[in-house]
Amino acid sequence: MLSADTDAVVSFRNVTKRYGDVTAAAHLDLDVTAGEFLSFLGPSGCGKTTSLRMIAGFDQPSEGEVFLEGQRVNGVPAYRRPVNMVFQHYALFPHLNIEENVAYGLKQRAPKPPSKEIEMRVGEMLELVQLSGFNKRRIWEMSGGQQQRVALARALINKPKVLLLDEPLAALDRKLRREMQIELQNLQRNVGITFVLVTHDQEEALSMSDRVCIMREGKIVQIGSPLDLYDRPINRYVADFVGKSNFFDGAIDRIDTTAVNVKLDCGLMIKANTGPDLESFESGDPVCISVRPEQVILARKEEQLPADCGVKIKARVMNRIFLGEHTEYLLRDEKLGEFLVLSPRQNERSERPFDKDEVVLAAWSRDTALVLSSE
Amino acid sequence: MRIYTLAVYLFLYIPIGIIVLFSFNAGRHASDFHGFSIKWYGTVLANPFAMEALATSLIVASTTAVLASIFGTMAALALQKVKGRIRAIYDAAIYIAIMIPGIVIGIATLIALVTAFKFLNPVLENFWPGFLGDAPHLNMGYASVIASHTMFTMALVIVIVRARISGMDRALIEASADLYATPWRTFWQVTLPQIFPAILAGFLLSFTFSFDDFIIAFFVAGTETTLPLYVFSSIRRGVTPEINAIGTMVLTVSLTLLITAQFLLRGRGSQSSTQ
Amino acid sequence: MYGSWANRLLLVPATVWLLVMLVLPLLVVIIFSFGERGTAGGYVPAFTLEQYANLSARFTAFKNTLLLAPTGTFLCLLVAYPLAYFLAVKVHPKWKTLLLVMIIVPFWTSILIRTYAWIFILGGQGLPKVLGFLGIEGVRLINTPTAVLIGIVYAYLPLMVFPVYVSLEKLDKRLLEAASDLGSSPIEAFRNVTLPLSIPGVATGCMLVFILLMGEFLIPALLGGGKVFFIGNALVDLFLQSRNWAYGSAVAATLVIIMLVTVSIYMKLVVRNQQ
Ligand SMILES: Nc1ncnc2c1ncn2[C@@H]1O[C@H](COP(=O)(O)OP(=O)(O)OP(=O)(O)O)[C@@H](O)[C@H]1O
Ligand SMILES: [Mg+2]
Chain A
1 MLSADTDAVV SFRNVTKRYG DVTAAAHLDL DVTAGEFLSF LGPSGCGKTT SLRMIAGFDQ
61 PSEGEVFLEG QRVNGVPAYR RPVNMVFQHY ALFPHLNIEE NVAYGLKQRA PKPPSKEIEM
121 RVGEMLELVQ LSGFNKRRIW EMSGGQQQRV ALARALINKP KVLLLDEPLA ALDRKLRREM
181 QIELQNLQRN VGITFVLVTH DQEEALSMSD RVCIMREGKI VQIGSPLDLY DRPINRYVAD
241 FVGKSNFFDG AIDRIDTTAV NVKLDCGLMI KANTGPDLES FESGDPVCIS VRPEQVILAR
301 KEEQLPADCG VKIKARVMNR IFLGEHTEYL LRDEKLGEFL VLSPRQNERS ERPFDKDEVV
361 LAAWSRDTAL VLSSE
Chain B
376 MRIYTLAVYL FLYIPIGIIV LFSFNAGRHA SDFHGFSIKW YGTVLANPFA MEALATSLIV
436 ASTTAVLASI FGTMAALALQ KVKGRIRAIY DAAIYIAIMI PGIVIGIATL IALVTAFKFL
496 NPVLENFWPG FLGDAPHLNM GYASVIASHT MFTMALVIVI VRARISGMDR ALIEASADLY
556 ATPWRTFWQV TLPQIFPAIL AGFLLSFTFS FDDFIIAFFV AGTETTLPLY VFSSIRRGVT
616 PEINAIGTMV LTVSLTLLIT AQFLLRGRGS QSSTQ
Chain C
651 MYGSWANRLL LVPATVWLLV MLVLPLLVVI IFSFGERGTA GGYVPAFTLE QYANLSARFT
711 AFKNTLLLAP TGTFLCLLVA YPLAYFLAVK VHPKWKTLLL VMIIVPFWTS ILIRTYAWIF
771 ILGGQGLPKV LGFLGIEGVR LINTPTAVLI GIVYAYLPLM VFPVYVSLEK LDKRLLEAAS
831 DLGSSPIEAF RNVTLPLSIP GVATGCMLVF ILLMGEFLIP ALLGGGKVFF IGNALVDLFL
891 QSRNWAYGSA VAATLVIIML VTVSIYMKLV VRNQQ
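Respectively, the protein sequence lines represent chains A, B and C. Residue 96 in our numbering sits at position 96 of the first sequence, with consecutive numbering throughout. Counting the second sequence from 1 gives a position; our numbering is that position plus 375. Counting the third sequence from 1 gives a position; our numbering is that position plus 650.
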C-alpha cells in the first residue's frame with residue numbers, strides 16, 4: 001500500500017477515474033501542502049473537475065488512493081469529509097435566505113452548536129465577505145458577485161481542511177473577476193485555509209496560486225510555482241499554456257556539456273544552453289526551441305545587441321501594437337517564419353520605435369532559449 | 376384577429392357565465408330572469424341528497440389527492456434512479472394511464488373488481504379469523520372509486536414531479552452533502568422543499584380531477600353517489616335551477632384550486648418555492 | 651434512503667397500483683372479450699371470436715364515432731389554429747401566461763357542468779329563441795349532431811390549442827422576417843414557413859383530441875339526446891343496462907385498438923420526422 005506524505009492535506013496516489021470508456025483522470029500523484037493555494041489548470045475536459053470531485057467525495061476513484069491529512073478516504077462519502085466546495089454556479093439553496101444558507105453546514109453538525117453561536121459565526125462570516133446586513137435577503141436578490149461571496153461564506157464557516165473551488169469566477173464579468181481574484185487571495189491569506197482551485201484561465205491560475213498543476217487529457221503534466229512553470233516548462237504544452245511563447249521546431253544536432261545545438265527544420269542552427277533534463281535528449285530527437293516574446297531583443301545596429309546571443313537574425317516588422325508599457329511587434333524572417341516580440345519602452349535600443357516594414361536585427365541570449373520536447 | 380380571439384374566449388366562458396348568472400335567478404325558469412336571489416343555494420344546502428353526494432365527493436377527492444401525491448412523489452423520486460428496460464416499462468404504464476379514456480378505465484375496473492370480489496368474498500368468509508369479527512364483504516363503493524382515481528392522478532403526479540426533479544439543479548444535492556448533510560437530511564432539507572410546489576400542484580390537480588370526474592365513478596361507484604353522479608341524474612330528470620347553484624359552487628372550487636396549481640407550476644418557478 | 655432496496659421500496663405503492671388498477675383491468679377486458687355472455691348477464695369463460703364477429707351489431711355507434719370524432723377534431727383545429735397563432739406570434743409576452751391559463755382552466759373544470767350549460771343554450775329556451783326574435787324560426791339544435799359537435803369543440807378546444815401553440819411558439823420570428831426579406835408576401839410566408847413548422851403541433855393536438863373523443867360519452871348523452879350514439883354510449887349501455895360483459899369487452903378492446911393504431915400512426919409520422 002502506498003502511503004501519504006504526512007505534511008500533505010490532500011494526497012493522490014496513482015489515482016485513476018474512469019466513466020465507462022472515458023478515462024477522466026489517469027494515474028494522478030499529487031500532494032497539496034497545508035496552507036497553500038493550488039490551482040488545477042488545463043483545457044476543457046482534461047479532468048480538473050473530476051480531480052476536485054474525488055477530493056470532495058462526490059466521485060470515488062476507480063483505482064489508486066486519496067488521502068486527507070494522511071487518512072485514506074476512499075469510499076468515505078462527501079458528508080463525512082472535512083472539506084468544502086464552492087460550486088461553479090454557486091449552488092446556493094434558493095429556498096433559504098442568505099443567513100440560512102451560510103448556517104447550513106453548522107446546522108448539520110451533531111451535536112448542533114447552540115443557535116447563539118451559529119448566529120455569531122454567521123455574522124462574522126458575512127462580515128468577512130463584506131455582506132453584513134444582507135442576512136435576510138433571498139438568493140435571487142443578490143448580484144453575481146454577491147452570490148459568489150455567499151458561497152464562499154457558506155463553505156468557509158465550516159473551517160474546512162481544504163476549500164475546493166470549481167471555476168468560481170467563470171460566471172463573473174471581467175472587471176468583477178479581477179476584483180474577486182484579489183479578494184480570494186487576501187481571504188486565503190487571512191483565514192489560512194488550503195485552497196484548491198480549478199480554472200482554465202491561465203492568468204487567473206498564475207496570478208493567484210502558490211502552485212499550479214497543469215493537466216492534459218486526464219494526466220498531470222507539471223506541478224510548480226507560476227515562476228517555475230514560466231521559466232522552466234518541461235515541454236512545449238506547458239510553455240504554450242503558461243504565457244505566450246515562440247516555438248521553432250527542429251531536432252537535436254549535438255549535445256555538449258555546456259550547450260545544445262539544435263538544427264531547426266528551416267536549416268538554421270541554434271545554440272541553447274538551458275532547459276530541464278537535457279540529459280534525456282539524444283542527438284536526432286525532435287525538439288522545439290521556445291523563446292518568450294519579451295526575451296527577444298530588437299535593435300537597428302549590431303553593437304546594440306548583447307554579446308552572448310544564441311541567434312542573431314534580420315527580420316521585417318510586419319505589425320506593431322502599442323500596449324502602453326510595452327510594444328508588441330510581429331516580425332517575419334524568411335527562415336524562421338513569424339514570431340512575436342514584446343519590447344519594453346525604456347529598453348528600446350534606438351531613439352524611436354521600429355516602423356512597420358522596417359528590417360531590424362533580432363536576437364536572444366543563449367540561455368533564454370529553451371529546448372523542449374515537442375509533445 | 377383580436378376580435379376572433381375575443382370571440383373564442385367568449386365561447387369558452389359564456390357557458391360558465393350563464394350557469395353562474397342563472398344560479399342567482401329568482402325565477403324558476405332559466406329563460407326569464409326574475410332578479411337576483413340566492414334562494415337556489417338555500418335549496419341545495421337543504422337538499423340531503425345533494426349534501427350527501429357532496430360529502431362523498433369531498434371524501435373521495437381528498438383521499439385520492441393525498442394518496443396520489445404521496446405515492447406519485449415516491450415513485451417520481453425512485454424512477455430517477457431506474458434505468459433501461461424497467462424504466463421504459465414504467466414510462467409506458469404511466470403514459471397509458473394518462474392517455475387511456477376514462478370510460479375504458481371505468482368499465483375495465485368495474486368488471487375486474489366485480490369478478491375479483493366474486494372470488495374473494497367466499498374466500499374471505501371461509502378463512503377470516505374469527506377474533507377479528509365478521510368477514511368484510513368487498514363491494515364497489517368509496518374504495519373502488521378512490522383506487523381508480525388514484526391510479527390516474529398518481530400517474531399525473533409522477534409526470535409533474537418528475538419534470539420538476541429534472542429541472543432541479545443537481546449541484547444543490549451535492550452542495551448539501553458537501554455541507555455535511557446525510558442523504559436523509561438532504562432529502563428533507565433540499566430535495567423536498569425544491570419539489571414541493573410540484574407536489575402541491577399535483578395534489579390540487581388530483582383533487583380537482585377526482586372531484587369533477589363523472590365517467591369513472593359512473594362505473595365503479597357501486598351504490599355510492601358522488602356529486603357529478605348526482606348532477607347527472609338530476610339533469611336526466613329535467614333541468615332544475617338547483618344544478619346551476621351546484622355548478623357554480625363546483626366551478627368556484629375547481630377554479631380556485633386550478634389557478635393555484637397553475638401559479639405553483641409556472642409562477643416564480645424554482646425561486647420562491649417555500650414562501 | 652437512496653440505496654437500491656430503498657428505491658425499490660419507494661416504487662412499491664405505485665407499482666401495485668398500476669398493476670392492480672391498470673394492467674389487471676385491461677387484461678380482464680382482453681380476456682373477457684373472448685368469452686361469452688352468461689344467461690343473467692355478466693361473463694362466462696370461453697374462447698371464441700364470436701363477440702368480435704358480432705361487432706357490426708353496434709354499427710351505428712361505430713359509424714357515428716368514426717364520423718363525428720374526426721369531424722369534431724377537424725372543427726377543433728379550425729377554431730384552435732388562429733387562436734394559437736395569435737397567442738404565439740401576436741400577443742405581448744406580458745399577457746401570454748394569463749391568456750394561456752384562461753384557456754387551460756376550463757378544460758380542468760367539470761365537463762359535466764359545462765356541457766350542462768349547453769343544454770340550456772342550445773335548447774328551446776336558448777339560442778333558437780334568440781334566433782326566433784331575429785326572425786329565423788324553427789331552428790332545432792339540441793339533440794342533433796350539430797349540438798354534439800358544438801359540445802365537442804367547446805370541450806376539447808384547449809387540448810388542441812396547446813400543442814399548436816407550443817409548435818408555433820418555437821417558431822423563430824426571424825425566419826418570418828427572413829422570408830419577407832426574400833420578398834414573400836405574408837400569406838406566402840405563412841404557407842411556406844409557419845404552416846409546415848406547425849405540423850407536428852397540429853398532429854399532436856389532433857391525435858389527443860381524436861383518441862379522447864373516441865371514448866366520449868357525456869357530450870352525446872347530454873346534447874345528442876340518445877339520437878347521436880357514440881361507442882362510449884354503447885359501452886355504458888352494454889355494461890350498465892344489458893350487462894353483456896363479453897360483447898362490451900370486445901367493443902372496448904376494439905376502441906383501444908383503434909386508439910393504439912392512431913397513436914402508432916402518429917408516432918410514425920410525427921415523432922420519427924422530428925428526430
Ligand atoms: N459523470 C460523467 N460521466 C461520464 N463522463 C464524464 C463524467 N464526468 C466527466 N466525464 C468526462 O471526463 C472527462 C473529464 O471531465 P471533467 O469534468 O473533469 O473536465 P474539466 O477539466 O473539469 O473540464 P471543464 O473545464 O470543461 O469543466 C471529460 O471527457 C468528461 O466528458
Ligand atoms: Mg469542470
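Ideal Cβ positions, reconstructed from N, Cα and C, are used throughout, including at glycine.
Taking the alpha-carbon of residue i as reference, which of the options has the nearest alpha-carbon?
i	options	result
A:Val-129	A:Leu-156, A:Arg-109, A:Asp-201, A:Phe-247	A:Leu-156
B:Ile-394	B:Leu-632, B:Thr-623, B:Ala-596	B:Thr-623
A:Asp-21	A:Ala-8, A:Ser-62, A:Ile-255, A:Ser-374	A:Ser-62
B:Ala-401	B:Thr-418, B:Met-543, B:Phe-386, B:Ala-522	B:Thr-418
B:Ile-480	C:Thr-912, C:Tyr-916, C:Ala-896, C:Leu-885	C:Leu-885
A:Lys-219	A:Asp-231, A:Asp-228, A:Tyr-237, A:Phe-247	A:Tyr-237
C:Ile-861	C:Thr-723, C:Glu-838, C:Ser-899	C:Thr-723
A:Ile-252	A:Asn-319, A:Leu-229, A:Phe-281	A:Phe-281
A:His-326	A:Gln-304, A:Ile-297, A:Val-311, A:Ala-307	A:Ile-297
B:Pro-330	A:Arg-80, A:Val-86, A:Leu-197	No statement about residue 330 of chain B is possible, as the shown extent of chain B runs from 376 to 650 and does not include it.
Using a beta-carbon distance below 8 Å, is residue i in contact with chain C?
i	result
B:Gln-637	yes
B:Val-441	no
B:Arg-643	The predicted position of B:Arg-643 is uncertain, since its pLDDT is 47 and thus under 50; no value can be drawn from it.
B:Phe-607	yes
Can you say whether residue i is buried or exposed, counting buried as having 16 or more other CB atoms within 10 angstroms of its CB?
i	result
A:Ser-245	buried
A:Leu-38	buried
B:Tyr-470	exposed
A:Val-379	Residue 379 of chain A falls outside the range modelled here, since chain A spans only 1 to 375, and no answer is possible.
A:Arg-13	buried
A:Ser-209	buried
A:Ala-315	buried
C:Val-662	exposed
A:Glu-167	buried
A:Arg-53	buried
Can you find a C-beta in chain B that's less than 8 Å from the C-beta of residue i?
i	result
A:Ile-108	Here residue 108 of chain A turns out to be Gln, not Ile, going by the sequence shown. True, the Cβ-Cβ gap to chain B drops below 8 Å.
A:Tyr-19	no
A:Tyr-230	no
C:Met-671	yes
Hey, could you find the ends of the beta strand (DSSP E) residue i is sitting in?
i	result
A:Phe-247	246 to 255
A:Pro-344	337 to 344
A:Glu-65	63 to 68
A:Asp-166	162 to 166
At which residues does the alpha helix (DSSP H) containing residue i begin and terminate?
i	result
C:Glu-819	795 to 820
A:Lys-17	A:Lys-17 -> not in any alpha helix (DSSP H); beta strand (DSSP E) instead, spanning 8 to 19.
A:Arg-121	115 to 128
A:His-89	Here A:His-89 belongs to no alpha helix (DSSP H), and DSSP marks it neither H nor E.
C:Phe-709	709 to 735
B:Glu-427	423 to 454
A:Tyr-104	98 to 107
A:Arg-292	From DSSP, A:Arg-292 is part of no alpha helix (DSSP H); its letter is neither H nor E.
A:Asp-240	236 to 241
Hey, is residue i's beta-carbon within less than 8 Å of any beta-carbon in chain A?
i	result
B:Arg-539	no
Hey, would you say the C-beta of residue i is under 7 Å away from at least one heavy atom of ligand 3?
i	result
A:Lys-17	Absence of ligand 3 is noted for the structure shown, with ligand 1 and ligand 2 being the only ligands found.
Identify each residue in the stretch 78 to 92 of chain A for which the Cβ-Cβ distance to at least one residue of chain D is less than 7 Å, and report them in chain order. Looking for chain D here will not work: the only protein chains present are A, B and C.
May I ask you to verify whether the stretch 863 to 874 of chain C touches the stretch 734 to 747 of chain C, counting CB pairs closer than 8 Å and requiring at least 3? no
Quick check: the stretch 722 to 739 of chain C against the stretch 807 to 820 of chain C, are there 3 or more CB pairs under 8 Å? yes
Does the stretch 139 to 158 of chain A come within contact of the stretch 86 to 95 of chain A, defined as at least 3 CB pairs closer than 8 Å? yes
Is it the case that the stretch 761 to 779 of chain C contacts the stretch 829 to 842 of chain C, given that we only count it when at least three CB pairs across the two stretches are under 8 Å? no
Three CB pairs or more closer than 8 Å across the stretch 453 to 472 of chain B and the stretch 888 to 899 of chain C: no
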